[in-house]
Amino acid sequence: MKLTPELIQKLAQTTFCRPAIAELAELFENTTTEEVNALAFQLTEQGEDVALDRLLTTCAFCDIQLDPTILAESAAVIYDLTHLPYSYANQGAEAIEPLIKNARAEMLSHERQALLGRLATELALRHQSRHDEVARLLQYLQEEIRTPPVSMMVYDSIHMLELGELKEGAFPLMTEFDIHESLPERPPPRVIGNGETIRRPIPKLGRNEPCHCGSGKKYKRCCLEKDQAILADASSYEGVTQSQLAENPGVVDDEEVIYGLRAYEIKKLTPERLTTNQLLPAYHKACTFGLSEVAFAMLVERSKRSDSTWPFDKGNFVDFMEYALAHNDIEMAQRARVLVPQDSELVNWDEIDFQFDLCTNPGHLETIEARCQKAFCCLPDETGGFRDHEFCNLAHLFFNKFPALSILFARAALLECPDRVLDNELLVECVHQARIDLGLSPWDDPVDTWLDDYDNEQADRTLDKELARETEALRKQLAESREKIREAETGLSSKEALLAELKNELDATAGQQKICQTIPEKPKKETQEAAQDTVNRLRRQIDSLKAEIGNQQEKWQQLRHELDRERQHAQRASATQKPTSENTENEDAAAPAMPGENARTIVVPDYHGNFRDACRSVPGSAVASAVKAIASFAVYDPAVWRNARSIKQLANIYRVRIGRNYRLLLRWVPGQSLTVLDLIPRQDLESWIRRHA
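Residue numbers for the sequence shown follow the numbering used here, beginning at 96 and rising by one.
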């Protein structure tokens, strides 16, 4: 079966209902799968969206399995996107790869990309295949798509893939859609204008008026039926149908027509048939869909026209050249470069030449890229437990010839593996030396600050772990104490119960003795002696039980005191704040409160002799940083005031961090004096405070 205009018209005029699709299925009853694939491919290339929609629906109705590649490519053209899943009900695992490839195509809208990702997820779970590739696709779509309804479908697909189970979530399982259950029995109602305000493409006439074609017949007997079909295709432009707009948007001078076109419609546009105001929107739309040749043709045509209100800007060729280079399209970039004026002030030709060189000669950079990928993607060594430090190796390799690149790789190495202490110390030295080679201060690199913060964070984590262990030990001790008290209370209760029983038995024996005394006849001697022995034995047991109860009560009171002490100890431990990384900085208060702008008085600082002596022994970079900090403190610079900390043991004494290894000590009396006391190493801060406290 060949694709003819009559076949395309029949497919396009078929409505989405069971009788019409069944009639169309009879037409394709004797058609082979190869012929159907050829028809689907041709309809996709020609952009016949409605005809392609009905063809795919008929194939699903007849259970014809289409070629996975052709079926995935048809997603860019099919009229109703919700009809595409019917064709994937009988697809196998081989359909996953084309779905993944086409889901990342720039010419697809976000809705179509998300739907292809959903279909790929369901097929991967059904056939237990390509889970990793589908997961990477969904992560890409998650970062690319921001529209809430569409992104929800992507998140639902990610959740289903993580569960590893083909289970319905926020969205139904699309590969289980049944075309036989979904097809309505009646044709859907005809919608004119798709919700837009439409204009009549033909004049309005009464049924009995003369026809507008000039035949002299009544309108109802001449062109009425033909005009009804035209009215169903009306657009928002008077005298123009939607079909005419799709075929040639240039029939109306409105750029909004271009913004509503899809990728395959943009691909069919002819620049010469568009109006001048439509060429630049068509160029931007083509760039959005990744159609470089169409975009370049639109720019060339626009540069030839001069009937626009605004003159053409040659900078558009610069933008297109950068766009082509970003997409690694060397040929289109070179064609655009020819049209860019060489004396343009907006073009950095060194940067353009560098981009061309990156695209044409990527040899060495590909080697570096491979090593960087190895650094990011490698796993720990199973035998040694440590992985190769590629960034560290690159930092040392680039040190002599490329110091700036060496600094960049060193920073990456520190962030990638902060736990490798020895390697990181060598990297810090490498950074300092490279900064000296570049003529920069070796101590002002962000690496030093980051390492300080990382060390402090690690120290805080260690202290938090110790505090957690101590708290857990106290909790265990409290639990043990409560258990001992509970056991003691249980034993005491049992002893009290036993004492009550013995008391009852003693009372019963005493009653028997009274009864025996009231009897006039003399009891037997043996019976009285036995009763007296029982009474004595019970009294001894009562005394021993009373003593044991007293001991248990005394032990219970002791355990109660221990429990109270443990609770007080736990409260004090939780309320006590542990030091961060330095013992002296635990006693520092917050940053000093900066006076208001009206209350600020600039005080000229005085320099103590100790500070002058320290400037002779401390490295010059640290002295320079200290002098800058003093001046900034004196003029109330917020950056320095935030880093200043007061010392609780010493009134009006403040410390300011100078780099990683030094501390500046100041005495500041608000509005009166500012004295620079000393510049000392960080490790001497505690002893300095003890000497002056």
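Each residue gets a CB set at the ideal place from its N, CA and C atoms; glycine is no exception.
These figures come from a predicted structure and were not determined experimentally.
Residue i, DSSP secondary structure in three states
{"i": "K299", "result": "coil"}
{"i": "P690", "result": "coil"}
{"i": "Y757", "result": "strand"}
{"i": "P100", "result": "helix"}
{"i": "W405", "result": "coil"}
{"i": "Y174", "result": "coil"}
{"i": "V347", "result": "coil"}
{"i": "T336", "result": "strand"}
{"i": "P498", "result": "helix"}
{"i": "K313", "result": "strand"}
{"i": "V435", "result": "coil"}
{"i": "V245", "result": "helix"}
{"i": "D532", "result": "helix"}
{"i": "W444", "result": "helix"}
{"i": "T152", "result": "helix"}
{"i": "R515", "result": "coil"}
{"i": "P733", "result": "helix"}
{"i": "K105", "result": "helix"}
{"i": "R506", "result": "helix"}
{"i": "R762", "result": "strand"}
{"i": "D424", "result": "coil"}
{"i": "D158", "result": "coil"}
{"i": "P305", "result": "strand"}
{"i": "D701", "result": "strand"}
Segment limits, alpha helix (DSSP H) that includes residue i
{"i": "Y183", "result": "Here Y183 belongs to no alpha helix (DSSP H), and DSSP marks it neither H nor E."}
{"i": "W783", "result": "L780 to H787"}
{"i": "V722", "result": "G715 to A729"}
{"i": "R397", "result": "S387 to K399"}
{"i": "S277", "result": "I274 to S277"}
{"i": "H491", "result": "E485 to L492"}
{"i": "A120", "result": "R113 to L122"}
{"i": "T164", "result": "P163 to E168"}
{"i": "H222", "result": "H205 to H222"}
{"i": "G704", "result": "G704 to S712"}
{"i": "M416", "result": "G410 to A421"}
{"i": "K196", "result": "I191 to A198"}
{"i": "P376", "result": "T371 to T383"}
{"i": "K362", "result": "A358 to K362"}
Minimum C-alpha distance to residue i - residue among the options
{"i": "N185", "options": "L218, L774 and K723", "result": "L218"}
{"i": "A381", "options": "E360, R368, E396 and R400", "result": "E360"}
{"i": "I103", "options": "V145, V346, I116 and A117", "result": "V145"}
{"i": "T371", "options": "R762, R357, M393 and E417", "result": "M393"}
{"i": "R207", "options": "R316, V722 and E168", "result": "E168"}
{"i": "E228", "options": "S712, L258, P193 and R241", "result": "P193"}
{"i": "E257", "options": "E271, S246, R231 and S277", "result": "R231"}
{"i": "V735", "options": "P541, A746, W545 and V722", "result": "V722"}
{"i": "P537", "options": "L500, Q648 and P714", "result": "P714"}
{"i": "G410", "options": "E426, L569, V442 and A428", "result": "V442"}
{"i": "E189", "options": "E201, T216 and T177", "result": "T216"}
{"i": "E524", "options": "E440, P498 and A133", "result": "P498"}
{"i": "D540", "options": "E552, Q373 and V526", "result": "V526"}
{"i": "Y731", "options": "E692, R707, L759 and S716", "result": "E692"}
Cβ neighbour criterion (16 or more within 10 Å) applied to residue i
{"i": "D348", "result": "exposed"}
{"i": "P163", "result": "buried"}
{"i": "F504", "result": "buried"}
{"i": "Q108", "result": "exposed"}
{"i": "D628", "result": "exposed"}
{"i": "F471", "result": "exposed"}
{"i": "N681", "result": "In this prediction, N681 scores a pLDDT of 42, lower than 50, which makes its location untrustworthy; the coordinate-derived value is nonetheless stated afterwards. So N681 ends up on the exposed side."}
{"i": "Q666", "result": "exposed"}
{"i": "D158", "result": "exposed"}
{"i": "T127", "result": "exposed"}
{"i": "W405", "result": "exposed"}
{"i": "N519", "result": "buried"}
{"i": "V389", "result": "buried"}
Range of the contiguous beta strand (DSSP E) that encloses residue i
{"i": "D773", "result": "S768 to P776"}
{"i": "V751", "result": "I748 to I753"}
{"i": "R740", "result": "A739 to S741"}
Expected contact under 8 Å - CB spacing of residue i and residue j to nearest Å
{"i": "A135", "j": "I165", "result": "5 Å"}
{"i": "V751", "j": "N738", "result": "6 Å"}
{"i": "P687", "j": "S768", "result": "With 8 Å as the limit, P687 and S768 do not qualify as a contact, their Cβ atoms being about 15 Å apart."}
{"i": "L640", "j": "L594", "result": "5 Å"}
{"i": "T336", "j": "I325", "result": "6 Å"}
{"i": "D701", "j": "V771", "result": "7 Å"}
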